[in-house]
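Working notes, structure below.
Number of protein chains: 2
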Amino acid sequence: MKIAVLGTGMVGDAIGSRLIELGHEVRMGSRTADNEKAAAFVAKHNGKASAATFADAAAFGEIIFNCTAGGASVEALKLAGESNIDGKIIVDIANPLDFSKGAPPSLLPSLSNTHSLGEEIQKTFPSAKVVKTLNTMWCGLMVNPAMINSGDHTNFICGNDAEAKQNVKALLNEFGWKNENLLDLGDITSARGTEAVLPIWLRIWTATQNGAFNFKVVS
Amino acid sequence: MKIAVLGTGMVGDAIGSRLIELGHEVRMGSRTADNEKAAAFVAKHNGKASAATFADAAAFGEIIFNCTAGGASVEALKLAGESNIDGKIIVDIANPLDFSKGAPPSLLPSLSNTHSLGEEIQKTFPSAKVVKTLNTMWCGLMVNPAMINSGDHTNFICGNDAEAKQNVKALLNEFGWKNENLLDLGDITSARGTEAVLPIWLRIWTATQNGAFNFKVVS
């Protein structure tokens, strides 16, 4: 499958690299076509990846992964352009972290509590199918859940379009996620819940000095 | 031990009943000494519990459980009176839920994200030792963790006073919590993280229609 990965940070690199490993064609998008991190990503993948502007990457992708910084995601997707996004699935992995108030970051007030980044993206691009998932853990685990607890921990998923969620679940299965560990929380308003995991995630990370952990919902 | 349980709701009833079962003396506090729910609590415990105003209950308790509604907790503790709280441990189980914006509730903006109820209580009563714990789960599990997954799931704890946290851990052990399932997140500012669990908790509860679940941190 042709997949756009928007964002050149650790998350974009982890997602893009895993997708290539699984045989997908990846185009990494950034603000400028000559982004250095994107170039390094392309170089290490030996002809199996390409780099482009947000717009060219989005146009290329049959599905779009949003791996940009949460506070900049809506702007990045606007640069990608509505016509390049129209009707496509956006897998939204970003978190609306606010680094302006010191460490650990809090959540951007305008995109949290009674709202969320996932909802804002869906509202900005009504014809897109936004699926929020994977944003509650370190990127190493997103693409390789078996790294801890034999892969037995929880990944949340939410979005308004049932078929889009099914398609994303199939990709998550390719990453190694078992269906019994995928917890569908309903429509995209549930992103208010999954994005609010970040404050506790950051506190656990600080307390344990280990980012390779996740939450398992047990009952 | 003589223990004050402030609040007459489901949480206060669950905590108070379990403490009595474990042999402690419990005085349930509420706004008025003749609160009907408190009277029912006293009646069902057959002389092993008493009911009183917030102030009389706090004066009675060597340790104080805050089981009031989060939005009213600071006021309830003010009614309890600084002199009755001075130097004591406050086990804060409350969550600053905001029911004014529809269901599911969000968090009160003034007590979340860059602040928390736990911190606000600590700031209002600097000589008290506020320990935030148990607030991330259904009250049935707070006092009987073995009800699910053989008790193997996570309870967070935070607070500024190490000795107070040790004393609270000993009470949690009485409830059935094993030390390996108690995750100390550090000082009371970590209540920003644990109180922010509520949004995802409420979404999972809605999606699964089952409140008897908890999070287990796996790594």
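Chains as they are written, first to last, in the working numbering: chain U, 4 to 222; chain Z, 4 to 222.
Heads up, the beta-carbon is just placed ideally off N, CA and C, and yes, glycines get one too.
Go ahead and pull the three-state DSSP assignment for residue i.
i      : result
U/A17  : helix
U/M150 : helix
Z/M31  : strand
U/L80  : helix
Z/K104 : helix
U/G68  : One detail in the question is off: residue 68 of chain U reads as Phe in this sequence, not Gly. Note: U/F68 maps to strand in three-state DSSP.
U/K219 : strand
U/S86  : helix
U/I23  : helix
Z/S193 : helix
U/S115 : coil
Z/D155 : coil
Z/D59  : helix
Under 8 Å Cβ-Cβ, which residues of chain U neighbour residue i?
i      : result
Z/R195 : S109, P202 and R206
Z/A215 : S222
Please list, in chain order, the chain Z residues whose beta carbon lies closer than 7 Å to that of residue i.
i     : result
U/L82 : Simply none; closest approach about 28 Å.
Run down chain Z in chain order and give the residues with a C-beta less than 8 Å from the C-beta of residue i.
i      : result
U/F68  : Result: empty, since nearest Cβ-Cβ is about 22 Å, beyond 8 Å.
U/S103 : Simply none; closest approach about 10 Å.
U/T117 : K104 and S109
For the beta strand (DSSP E) containing residue i, list its first residue and its last residue.
i      : result
Z/D187 : L185 to G189
Z/F159 : N158 to G162
Z/T56  : A52 to T56
Z/T136 : K132 to T136
U/L9   : K5 to L9
Z/I207 : Counting along the chain, Z/I207 falls outside any beta strand (DSSP E), though it belongs to the alpha helix (DSSP H) covering V200 to T211.
Determine, for residue i, whether the minimum Cβ-Cβ distance to residues of chain U falls below 9 Å.
i      : result
Z/D95  : no
Z/E172 : What sits at residue 172 of chain Z in the sequence shown is Lys, not Glu. Z/K172 does not count as touching chain U.
Z/C142 : no
Z/K219 : yes
Do we get a CB-CB distance below 9 Å when we pair residue i with the residues of chain Z?
i      : result
U/I151 : yes
U/K181 : no
U/L175 : no
U/A210 : yes
Run the proximity test for residue i: is its beta-carbon closer than 8 Å to any non-hydrogen atom belonging to the ligand GTP?
i      : result
Z/F159 : Questions concerning the ligand GTP fall outside what the structure shown contains, since it holds no ligand whatsoever.
For the alpha helix (DSSP H) containing residue i, name the first residue and the last one.
i      : result
Z/K126 : L120 to T127
Just the chain U side, please: which residues come within less than 7 Å of residue i by C-beta, in chain order?
i      : result
Z/A199 : A199, P202 and I203
Z/L114 : Correct list: empty, because the minimum Cβ distance to chain U is about 11 Å.
So which residues on chain U does residue i lean against when the C-beta distance must stay under 9 Å?
i      : result
Z/G189 : R206, T209 and A210
Closer than 8 Å is the cut-off here; do at least three beta carbon pairs connect the segment 162-182 of chain U with the segment 51-60 of chain U?
no
Report yes or no: do the segment 21-28 of chain Z and the segment 149-160 of chain Z share at least 3 C-beta pairs separated by less than 8 Å?
no
Just checking, does the segment 5-19 of chain Z make contact with the segment 68-80 of chain Z on the three C-beta pairs under 8 Å criterion?
yes
Does the segment 175-193 of chain Z come within contact of the segment 114-126 of chain Z, defined as at least 3 CB pairs closer than 8 Å?
yes
Taking contact to mean 3 or more Cβ pairs, one atom from each stretch, closer than 8 Å, check whether the segment 71-88 of chain Z and the segment 35-49 of chain Z are in contact.
no
So does the segment 179-190 of chain U actually touch the segment 196-211 of chain Z, counting three or more Cβ pairs closer than 8 Å?
yes
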